[in-house]
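For the sequence shown, the UniProt record's numbering assigns the number 1 to the initial residue and increments by one for each residue that follows.
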Amino acid sequence: MIATGIGSLPGESGREAFKVVLGEVPDLPHAPELPARGAIADLTGRTLAVVTGLDADLQPAGWRLTGSSGSSGLDHRRARSLLAQDLDMVEELTQGYGGAFKMQVAGPWTLAATVERPRGDRILADHGARRELAQALAEGVREHVRDIRRRLPAVTRLIVQVDEPGLAAVLAGRVPTASGFGRHRSVDAPEASTALEWVLSAVAEEGAEPWVHSCAPGTPLGLLRGAGAKGLAVDLGLLGAADHETLAEALEAGETVALGVVPSLEPAQPITDTVVVERVLRWLDMVGLDPDDVGDRLVVTPTCGLAGATWAWARQALALARSSAASVGGGVAERRD
């Protein structure tokens, strides 16, 4: 069993953050996001830097598409420049690295619920606009994967984690309109699945492994699998009864489950890897799976991103995920004795 981080970390130094990632979760390091650097570096800004054929600028209310190619605002150009600089740094610090590597982008529905159309209100309000956004994201992710492969040619397993914290709200019609007095109409499941499938298929067609992450309750895990997700990253504490069965089915099918069991914020009471290991083993017992059978297809992670944590806890949380993953086998033997 291995460990990894979800994506975000505190602080503003990409180099220091990535060194921590390499040191604490070396079996599956990830390219960190640092929202403390501003909107150009958070999940939305980082993903817009990847999207192909759509330009944007930053308004007081957040990111907005500009409506024409070649008309990116200053902040959009800065987001693209910062991403390139961070990838240069990743390339430099991973010279000769030949294991697995993970990167993250926002999913089409979280973007549609976050980014505005040129004339205002969310892209979610316009059927054609959200379709165009999903297709542009798919092409951008395709090019992004190719770029990573050029930079990290020895990586044997490349994972693209598509973050969809907004999907549940989109499906339930809970995304507020610009005025705040109404809610956007819910999107039906087939349309939601199709847009996700475009993005996940682009990842898979480039030889990478598509995961979907959400730490929002009510995310339809079966829909994610049906759209092509080969990995599901979840917060164990937010799962519904049906979710456990879906995750077990995914593991039995040879897919990956990243189980969020380490708190993203430092708990009031100290937590040890013994506690984390017990949570993982109890969950496996509940769904009727043997740790020896799932192996590295079960990944230990924090419950969500670590951007809101202190640096001390962020480092400790990643270390705790790693030590817990390594201890699961020993925990099984001890329980059987």
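We treat Cβ as the ideally placed atom computed from N, Cα and C, and that holds for glycine.
Predicted, not measured: the structure shown is a model, and the values here were computed from it.
The stretch 167-176 and the stretch 142-157 do not touch, with fewer than three beta-carbon pairs separated by less than 8 Å.
Between the beta-carbon of residue 3 and that of residue 277 there is about 12 Å, and that puts the pair past the 8 Å contact cut. Residue burial is scored here from C-beta neighbours: residue 297 has at least 16 other C-beta atoms within 10 angstroms and is therefore classed as buried. Looking at the DSSP output, residue 101 shares a beta bridge with 158. Closest by C-alpha distance to residue 207, out of 180, 155, 233 and 221, is 155. Between residue 94 and residue 9, the gap from beta carbon to beta carbon reaches 7 Å or more.
Scanning the stretch 29-103 from its first residue to its last, the whole beta strand (DSSP E) runs of 3-plus residues come out as 56-59 and 62-65. Secondary structure of residue 213 (DSSP, three-state): strand. Sequence-distant partners of residue 139 (beyond 5 residues in either direction) whose C-beta falls short of 6 Å from its own C-beta, in its chain, are 52. A straight-line Cα-Cα distance of about 9 Å links residue 45 and residue 58. By the beta-carbon neighbour count (other beta carbons within 10 angstroms, threshold 16), residue 310 is exposed. For residue 175, the secondary structure class from DSSP, reduced to helix, strand or coil, is coil. In the structure shown, the three-state DSSP call for residue 270 is coil. Inter-residue distance for residue 72 and residue 48 is about 11 Å (C-alpha atoms, whole angstroms). 191 is the residue among 270, 33, 191 and 157 whose C-alpha sits nearest the C-alpha of residue 128.
With a 10 Å radius around the Cβ and a threshold of 16 neighbouring Cβ atoms, residue 210 comes out buried. Nearest Cα to residue 181 within the set 233, 38, 150 and 121: 121. In the three-state reduction of the DSSP assignment, residue 228 falls in the coil class, being assigned neither a helical nor a strand state. In the three-state reduction of the DSSP assignment, residue 255 falls in the coil class, being assigned neither a helical nor a strand state. Using a C-beta cut-off of 8 Å, the stretch 303-323 makes contact with the stretch 9-18, since at least three inter-stretch Cβ pairs fall below that distance.
For residue 141, the uninterrupted alpha helix (DSSP H) segment begins and ends at 127-151. According to the DSSP assignment, residue 298 belongs to the beta strand (DSSP E) that extends over 298-302. Residue 102 and residue 28 do touch by the CB rule: their CB atoms are close to 6 Å apart, below 8 Å. Within the same chain, Cβ atoms closer than 7 Å to the Cβ of residue 35 are found at 8, 41, 42 and 307, the five residues on either side in sequence being excluded. Residue pairing by DSSP puts residue 235 in a beta bridge opposite 260. Between residue 234 and residue 281, the beta carbon gap of about 17 Å keeps them out of contact (Cβ cut-off 8 Å). Contact check for residue 136 and residue 54: beta-carbon distance about 5 Å, within the 8 Å limit, so the pair qualifies. Per the coordinates, the alpha-carbon of residue 75 lies some 11 Å from the alpha-carbon of residue 62. Here the alpha carbon of residue 17 sits roughly 16 Å from the alpha carbon of residue 38. Pairing residue 110 with residue 163, the inter-Cα distance amounts to about 8 Å.
Counting only residues of its own chain and dropping the five nearest sequence neighbours on each side, residue 193 has a CB closer than 8 Å to the CB of 223, 226 and 227. In the DSSP annotation of this structure, the continuous segment of the alpha helix (DSSP H) that includes residue 195 starts and ends at 189-205. When secondary structure is reduced to three states using DSSP, residue 323 falls in the helix class. Secondary structure note for residue 108: its alpha helix (DSSP H) is the uninterrupted segment 108-112. Secondary structure of residue 208 (DSSP, three-state): coil.
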